[in-house]
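Colleague: To start, I am sharing the structure in question, which I have written as structure tokens.
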Amino acid sequence: MANLVVAALLIPWMAFNLAGGEWPFYYGLGFAVELGLLVFILRTAWLWPRTGAVPTLKR
């Protein structure tokens, strides 16, 4: 869940930082690489198999 929240918050923040950069090609390349990694993290976290809690042994 933390991966979904953090990655979803980082994408707009990165785009905001890209808008004010003095080297648009350099920052654009960095944005593209980081965006690709964050999309991979989002997809992996979303599709990760859900497992139930391990039941406790009651005596």
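Using this note's numbering, the first residue of the sequence shown is number 943, and each one after it goes up by one.
Cβ coordinates follow ideal geometry from the N, Cα and C atoms, glycine included.
Does the Cβ of A961 have 16 or more other Cβ atoms within 10 Å, making it buried, or fewer, making it exposed?
Modeller: So A961 counts as exposed.
Colleague: Is the beta carbon of M956 sitting closer than 8 Å to the one on L977?
Modeller: Yes, the Cβ-Cβ distance between M956 and L977 is below 8 Å.
Colleague: Going straight from the alpha carbon of L971 to that of W965, what length do you get?
Modeller: Cα to Cα, L971 sits roughly 10 Å from W965.
Colleague: Identify whether M943 lies in helix, strand or coil by the three-state DSSP scheme.
Modeller: Reduced to three states, the DSSP call for M943 is coil.
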